[in-house]
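These notes are about the structure you will find just below.
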Amino acid sequence: MSRNHEVTDKQLLLNENGELREPGWSRSMVQEYRRDMIKAPQWRIKEWDYYLVLGDEFGAAFTISDDGYIGLQSVSLLCFGDHPWEHTETVLNAFPMGKLNLPQDSSQGVTEYRDKRLHMRFTAGEGSRRIQCIFRNFHEGKLLKCDITLRQPDMDSMVIATPWDEKHAFYYNQKINCMRASGYVLYDGRKYVFNPEKDFGTLDWGRGVWTYDNTWYWGSGNADLDGNSFGFNIGYGFGNTKAASENILFYNGKAHKLDDVTFHIPASGYMDPWTFTSSDGRFEMEFTPVLDRAASLDYKVIVSDQHQVFGRMTGTAILDDGTAVHIRDVLCFAEKVHNRY
3 MSRNHEVTDK
13 QLLLNENGEL
23 REPGWSRSMV
33 QEYRRDMIKA
43 PQWRIKEWDY
53 YLVLGDEFGA
63 AFTISDDGYI
73 GLQSVSLLCF
83 GDHPWEHTET
93 VLNAFPMGKL
103 NLPQDSSQGV
113 TEYRDKRLHM
123 RFTAGEGSRR
133 IQCIFRNFHE
143 GKLLKCDITL
153 RQPDMDSMVI
163 ATPWDEKHAF
173 YYNQKINCMR
183 ASGYVLYDGR
193 KYVFNPEKDF
203 GTLDWGRGVW
213 TYDNTWYWGS
223 GNADLDGNSF
233 GFNIGYGFGN
243 TKAASENILF
253 YNGKAHKLDD
263 VTFHIPASGY
273 MDPWTFTSSD
283 GRFEMEFTPV
293 LDRAASLDYK
303 VIVSDQHQVF
313 GRMTGTAILD
323 DGTAVHIRDV
333 LCFAEKVHNR
343 Y
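Sequential numbering from 3 applies to the sequence shown in the working numbering.
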């Protein structure tokens with residue numbers, strides 16, 4: 003099995019013992035996730051849908067999640083102008099354990115959360131995805147509202163099935179880049195409008211059973227290059243990735259698989275310039291941070307230390323056929339996250 007084993011056969015994700023049938027990556031969800039085949043306790047199952055939509059000067063992120071003994075429903079508004087600013091508001095739920103009924107397939111269906119304060123709905127199908135949200139008292143007593151559409155034509159994605167060495171622990175994840183974004187976010191009298199000619203959304207869809215203590219690195223970005231869509235997904239540190247990494251490029255809807263990418267985060271701090279290097283020389287970048295969306299909590303049993311750093315990427319990526327793609331000041335993010343829960 004090679005370092006970048008591609009799974010191409012349609013099959014169930016898990017076998018009768020609750021273990022992954024075939025670890026590796028794929029361009030679409032050829033492996034079928036079924037929650038009822040998981041052998042771990044319900045309180046250990048983690049399921050989430052996360053969307054990030056970025057313009058050049060602003061962005062928004064949306065999460066609906068059921069993490070077993072806790073649910074985290076979250077919205078972020080991000081501004082990258084002269085005075086970078088962000089606010090993230092999270093609603094916590096105790097012991098959802100499957101009650102949110104998140105879809106078992108990313109390609110269609112409705113992911114929804116509703117309470118008296120927050121109503122968030124993701125609708126997938128027919129070549130597009132729609133994000134709708136009403137968040138009362140989002141910040142300083144003010145309402146946040148959004149209605150965003152992401153266009154998803156027939157295109158490759160990054161799907162990875164990753165085991166841990168611990169029995170019954172696995173991670174099934176899809177990243178969909180380069181979805182052109184239209185629509186708006188309305189907050190505090192300002193309407194943030196997305197332009198599909200240059201703005202994009204990304205989906206992070208995950209299902210699985212994690213081990214207790216994890217640190218991961220993840221980065222993602224999209225850009226329009228003279229009418230051509232370009233995107234990347236990079237990351238490591240999560241699970242046993244001997245079968246495949248999640249490092250990949252996208253160009254006009256086609257995937258170009260990479261080997262290992264390393265994040266070089268300066269010891270001096272997250273807001274100093276980073277670099278990225280690759281074992282195959284196909285992803286060599288410099289990253290200038292603009293905003294650190296830092297969050298930490300420590301409830302002893304549940305611990306999280308997150309640095310999702312937004313900034314601008316400049317450098318060169320190499321496609322499978324050797325074509326060099328040069329990008330300059332592309333708004334994206336890179337993060338380091340440590341969780342114990």
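We put the beta carbon where it would ideally sit given N, CA and C, even for glycine.
Whole-angstrom distance between residue 93 and residue 3, CA atom to CA atom = At residue 3, the pLDDT of 38 sits below 50, so the modelled position is not reliable; the number obtained from the coordinates is stated separately. In a straight line, the C-alpha of residue 3 is about 42 Å away from that of residue 93.
query = From residue 297 to residue 310, what does the alpha carbon distance come to, in whole angstroms?
reply = 9 Å
query = How many angstroms separate the CA atom of residue 112 from the CA atom of residue 135?
reply = 13 Å
query = For the region 143 to 162 against the region 249 to 266, are there 3 or more C-beta pairs whose distance is under 8 Å?
reply = yes
key: Nearest candidate by alpha-carbon position, reference residue 229, set 214, 285 and 201   = 201
query = Does the separation of the CB atoms of residue 275 and residue 265 fall below 8 Å?
reply = Not closer than 8 Å, so no.
query = Around the C-beta of residue 164, are 16 or more other C-beta atoms found within 10 angstroms, so that it is buried, or is it exposed?
reply = Classification of residue 164: buried, given that the 10 Å Cβ count is 16 or more.
Which residues DSSP lists as bridging residue 124, in chain order = The bridge partners DSSP lists for residue 124 are 113 and 133.
request  = May I ask which residues mark the beginning and end of the beta strand (DSSP E) holding residue 312?
outcome  = 305 to 320
ask   = Going by Cα to Cα distance, which pick from 273, 244, 270 and 285 is closest to residue 263?
value = 285
inquiry  = Among the candidates 168, 12 and 283, whose CA atom is the shortest distance from the CA of residue 240?
reply    = 168
request  = Pull up the distance between the alpha-carbon of residue 20 and that of residue 192, whole angstroms please.
outcome  = 49 Å
ask   = Going along the chain, which residues of its own chain have a beta-carbon closer than 7 Å to the beta-carbon of residue 26, five neighbours each way excluded?
value = 7, 8, 9, 163, 245 and 246
task = Determine the burial state of residue 150: buried for a count of at least 16 other Cβ atoms within 10 Å of its Cβ, exposed for fewer.
result = Buried.
request  = Check whether the Cβ atoms of residue 237 and residue 218 sit closer than 8 Å, and answer yes or no.
outcome  = yes
task = Report back the beta-carbon spacing between residue 109 and residue 126 to the nearest angstrom; my notes put them in contact at under 8 Å.
result = 6 Å
ask   = Is residue 38 buried or exposed, if buried means 16 or more other CB atoms sit within 10 Å of its CB?
value = exposed
Top-ranked residue by Cα proximity to residue 140, from 307, 196 and 187 = 187
query = Who are the Cβ neighbours of residue 280 in its own chain at under 8 Å, not counting the five residues just before and after it?
reply = 249, 260, 261, 262, 263, 264 and 286
query = Taking buried to mean at least 16 other C-beta atoms within 10 Å of its own C-beta, is residue 197 buried or exposed?
reply = exposed
inquiry  = Suppose the cutoff is 8 Å on Cβ atoms and the five residues either side in sequence are ignored; what does the same chain contact list for residue 45 look like?
reply    = Sequence-distant Cβ neighbours of residue 45 in its own chain, meaning closer than 8 Å and more than five residues away, are 70, 71, 97 and 99.
query = Run through DSSP, which three-state label would residue 212 get?
reply = Residue 212: coil per DSSP, three-state reduction.
task = Compute the Euclidean distance between the alpha carbons of residue 17 and residue 270, then round it to the nearest angstrom.
result = 46 Å
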